[in-house]
DNA sequence: ACCTGAACACCGTTCAAGT
DNA sequence: ACCTGAACACCGTTCAAGT
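Residue numbers (my numbering), protein chains in the order written: chain A, 2 to 258; chain B, 2 to 258.
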């Protein structure tokens, strides 16, 4: 077996998959700012230049890493027109995403024009999963909006999101607006939340420290806001805005824009 | 006059302001990715190392540049409780921001609890101006959400936004949620729009090229979406989502969350 | 007080050379 | 086919030296 045991001690042979996995792990652990080809190579027990055999360049590396992250986003069951028992997956949304009650809208309507598959639950499920994924990989949201290429997992994500809206009755201009409004909220919230990403407990120390040297008289409302965030987690902010948007869209959907 | 004419030929002496101005101009023209201390120095007729006399380091340079951009955001007139004739400034909002009619909400209510100053118009004005500013300086939105320090102009922006909401009756948790939902929309939309920032006309070429090598059968809804964006500008997407959010917030305000 | 030159410890990427 | 070493053209930042 000369091929399999190419390397004597441990290390399996390098592949694109192993490079991308190591890249994601490294970015998760140390941030994407300090990730260099040379350091990533070292992590894999290889000279940095060897990576160019499996990756075109650093942008290609980033695209591959980002698509791995995109693949983690939990899309609602394929639920195409011909797919059976979509309801079997939807209930779990209620379990894992309990905040739906914040603003009842679609549920209370007995609309004959309503689609068989609740578009609102599907969009909500996808958005919550995307948000959680961005939080798991704090470097990924910034990359998502940068101009790195779009891989197959991201394409699938986008296609699914657009299809769900389309099948719910959104069309043309309104479809486009609905789609972008939801996506903007996801990526905007992730970026803002991650801009202040701090280790647990660090928030209190930072906030207190900040307020000490802060011109409270000059910016009293900002000071109050910081004080608020030192005490409250604000965990529900994402779903609050999401529900606000989804409710508004549902209203426009039934009235036809 | 030995001090004023320190330099013989032209060039005024270097100051922090001149460094920041040049930084903004350079980032506007060539992007922030290629802005280096050395190249910025050369632009100013100086060795890159000289910049460290006016700027602590590159992060400090970025903070200063970003705060200059923040200062460009047009805040609604001070309009504090004691400020007279706020109405004198608000009308211009209607002129420069004509899309308000998209979804009537606050105007039609004759609410005795409504604040004297229309919070919705003020929030809308500020958001539209912030959005336009981010578009003028395509590098700034990404910096806004990064962890560079917050300068005085940004503090003033944040304090004003929070005060307006506070004086409109939003309090505690709802104030925080309303604030973040609007800010997320602004920054999220800017980042997404700028991720595809292309020169005018470039869009058609890119979209057509992309669709040629695109697996249309695999992602039909995404393909349709791209086709749509080749033809339509989607200029109104920002204000659409903004109105959706502001309308939803107004509803929660009058019902008390 | 402000600027320069040299230096340090890094980058991404290419390419001939090895196996 | 895959990896290495050397090289190229860059980085941010520090610091002694100049004026």
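We put the CB at the ideal spot given by N, CA and C, even for glycine.
Asked                                                                                                                                                                                    : Found
Once DSSP output is grouped into helix, strand and coil, what is the label at residue 158(B)?                                                                                            : helix
With the cut-off set at 8 angstroms, would you say residue 27(A) and residue 15(A) are in Cβ contact?                                                                                    : no
Thinking just about the alpha-carbon of each residue, which of 227(B), 207(B), 210(B) and 175(B) is nearest to the one in residue 252(B)?                                                : 175(B)
Output yes or no for whether 8 angstroms exceeds the beta carbon distance between residue 189(A) and residue 71(A).                                                                      : no
Looking at the structure shown, is residue 16(B) part of a helix, part of a strand, or coil, going by DSSP?                                                                              : coil
Pick out the complete alpha helix (DSSP H) segments inside the region 44-79 of chain B, 4 residues or longer, and give them in chain order.                                              : 59-73
What first and last residue would you give for the alpha helix (DSSP H) that runs through residue 215(A)?                                                                                : Premise fails: residue 215(A) is in no alpha helix (DSSP H) and is neither H nor E.
Examine chain B for any beta-carbon lying closer than 8 angstroms to the beta-carbon of residue 208(A), and answer yes or no.                                                            : no
Taking the C-alpha atoms as reference points, what is the distance between residue 259(B) and residue 231(B)?                                                                            : Outside the displayed span of chain B (2 to 258) sits residue 259(B), for which this structure offers no information.
Give the straight-line distance between the Cα atoms of residue 247(B) and residue 143(A), rounded to the nearest whole angstrom.                                                        : 26 angstroms
Quick one: list the residues of chain A neighbouring residue 246(B), beta-carbon separation under 8 angstroms, in chain order.                                                           : 242, 245, 246 and 249
Assign residue 185(B) to one of two classes, buried (16 or more other C-beta atoms within 10 Å of its C-beta) or exposed (fewer than that).                                              : buried
Does the count of Cβ pairs from the region 52-62 of chain B and the region 119-126 of chain B closer than 8 angstroms reach three?                                                       : no
Just checking: is the beta-carbon of residue 131(A) within a distance shorter than 8 angstroms of some beta-carbon in chain B?                                                           : no
So, at 7 angstroms on beta carbons, what are the nonlocal neighbours of residue 23(B) in its own chain, with the 5 sequence-adjacent residues on each side left out?                     : 41, 44 and 45
What does a CB cutoff of less than 6 angstroms around residue 66(B) pick up in its chain, not counting 5 residues either side in sequence?                                               : 21, 24 and 25
So, at 7 angstroms on beta carbons, what are the nonlocal neighbours of residue 183(A) in its own chain, with the 5 sequence-adjacent residues on each side left out?                    : 124, 128 and 246
Hey, does residue 184(A) have any beta-carbon neighbour from chain B nearer than 8 angstroms?                                                                                            : yes
Against chain B, with Cβ distances strictly below 8 angstroms, would residue 238(A) count as a contact?                                                                                  : yes
Ignoring anything shorter than 4 residues or poking outside the region 116-148 of chain B, list the alpha helix (DSSP H) runs there in chain order.                                      : 120-137 and 141-146
Measuring CA to CA, which of 157(B), 257(B) and 141(B) is closest to residue 173(B)?                                                                                                     : 257(B)
So, does the region 208-215 of chain B touch the region 212-221 of chain A, judging by three or more C-beta pairs under 8 angstroms?                                                     : no
Identify the continuous alpha helix (DSSP H) that holds residue 183(B) and give its terminal residues.                                                                                   : 173-196
Enumerate in chain order the residues of its own chain whose CB-to-CB distance from residue 167(A) is below 8 angstroms, with the five nearest sequence positions on each side excluded. : 176
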